[in-house]
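Below you'll find the structure, written out as structure tokens, and then a few comments.
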Amino acid sequence: MFGMNAFGVDIGGSGIKGAPVDPVRGELVQERFKVLTPHPATPQAVAEGVREVVGHFGRPGGPVGVTFPGVVVDGTTRTAANVDKSWVGTDAAALLGEALGVPVTVLNDADAAGLAEMTHGAGQGRTGTVVVLTFGTGIGSALFSGGRLVPNTELGHLELQGHDAETRASTRAKEEEDLTWSRWAKRVGRYLAHVEMLFSPELFVIGGGVSRKAEKFLPLIEGVSAEVVPARLQNNAGIVGAAMAAAAAAVVPVGAP
Numbered sequence: 326m327f328g329m330n331a332f333g334v335d336i337g338g339s340g341i342k343g344a345p346v347d348p349v350r351g352e353l354v355q356e357r358f359k360v361l362t363p364h365p366a367t368p369q370a371v372a373e374g375v376r377e378v379v380g381h382f383g384r385p386g387g388p389v390g391v392t393f394p395g396v397v398v399d400g401t402t403r404t405a406a407n408v409d410k411s412w413v414g415t416d417a418a419a420l421l422g423e424a425l426g427v428p429v430t431v432l433n434d435a436d437a438a439g440l441a442e443m444t445h446g447a448g449q450g451r452t453g454t455v456v457v458l459t460f461g462t463g464i465g466s467a468l469f470s471g472g473r474l475v476p477n478t479e480l481g482h483l484e485l486q487g488h489d490a491e492t493r494a495s496t497r498a499k500e501e502e503d504l505t506w507s508r509w510a511k512r513v514g515r516y517l518a519h520v521e522m523l524f525s526p527e528l529f530v531i532g533g534g535v536s537r538k539a540e541k542f543l544p545l546i547e548g549v550s551a552e553v554v555p556a557r558l559q560n561n562a563g564i565v566g567a568a569m570a571a572a573a574a575a576v577v578p579v580g581a582p
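Positions 326 to 582 (our numbering) are the ones given, in order, by the sequence shown.
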């Protein structure tokens, strides 16, 4: 049993990872467990992967939050860039809730990471415009203004030099094209400059697994006026944010029946 901690699961294009989380402190309370994302990443196959991750820790004793790499509206997935297209229009909250036997809160993966970073990480205390970007199989984005999230921005799909930005500047693009850190940083810099032109943020927070190697590329980024920093929670931000969202959804408002 997890006790009264929340549980967070982060679904990515390459892996599904999760752990029990103390949502108040923003910390994993056990080491995370990960399985590979199935291919094809259909709803039923991914749900089985989520069940395996959660089952590794026992039966949930608290709320469960799950991230999804796409637009999520009221628990339903509206896009599916890096998973099977059959996710489009799926009631993910109901599907995953049935798989786990408990209510599940589902939200966009970058939005979850952003919530964690704004509350417990690099964006803590910032009240201006902040953009949290997660670099991995694709590029996820979370936009905050006055500390409030503007959900489902999907800025990784902005056009960059005639291409979908994440096909040029994601970590997967770096790996598939065998780009040096310097060449990849130039692409990331052009992308950040484009986002900056559109939203004028005071801060970019760079997350995803590559944030662990921030010293290899952040100093090489040019042409951006905003402050650019690595995510403090690194690749655990999505797990923490998912658990935070689940914990918030589980709180019964004062006066509610």
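Each residue gets a CB set at the ideal place from its N, CA and C atoms; glycine is no exception.
DSSP on residue i, reduced to helix/strand/coil?
i	result
V427	coil
S470	strand
G338	coil
P526	coil
V271	Limits of the chain in this structure are 326 at one end and 582 at the other, which puts residue 271 out of reach.
L517	helix
G448	coil
F382	coil
G641	The question about residue 641 has no answer, for the chain in this structure spans 326 to 582.
T505	coil
D436	helix
V360	strand
V375	helix
Roughly how many whole angstroms lie between the Cα atoms of residue i and residue j?
i	j	result
V391	L504	32 Å
E501	T492	10 Å
A331	V346	5 Å
L353	V565	7 Å
R497	V334	21 Å
A370	P363	6 Å
K410	G422	20 Å
W412	A573	25 Å
Q486	P388	43 Å
H482	G343	26 Å
T454	P526	5 Å
P368	L420	8 Å
V397	F460	19 Å
A567	D436	9 Å
F327	D399	At F327, the pLDDT of 47 sits below 50, so the modelled position is not reliable; the number obtained from the coordinates is stated separately. Cα to Cα, F327 sits roughly 26 Å from D399.
E484	P348	36 Å
A405	R451	31 Å
Is the Cβ-Cβ distance between residue i and residue j less than 8 Å?
i	j	result
A418	V408	no
G532	L458	yes
I341	V360	yes
A556	V520	no
D434	P476	no
A551	L528	yes
T548	A510	It is worth fixing the name first, because residue 548 is Gly in this sequence and not Thr. Contact flag unset, no.
L474	W506	no
G338	G463	yes
Which partner residues of residue i appear in the DSSP bridge assignment?
i	result
P555	I531
T402	V397, T415
A344	G333
V349	The partner list for V349 (beta bridge, DSSP) is empty, contrary to what the question assumes.
May I ask you to verify whether the stretch 381–393 touches the stretch 420–437, counting CB pairs closer than 8 Å and requiring at least 3? yes
Does the structure place the stretch 436–454 close enough to the stretch 465–480 that three or more beta carbon pairs sit under 8 Å? yes
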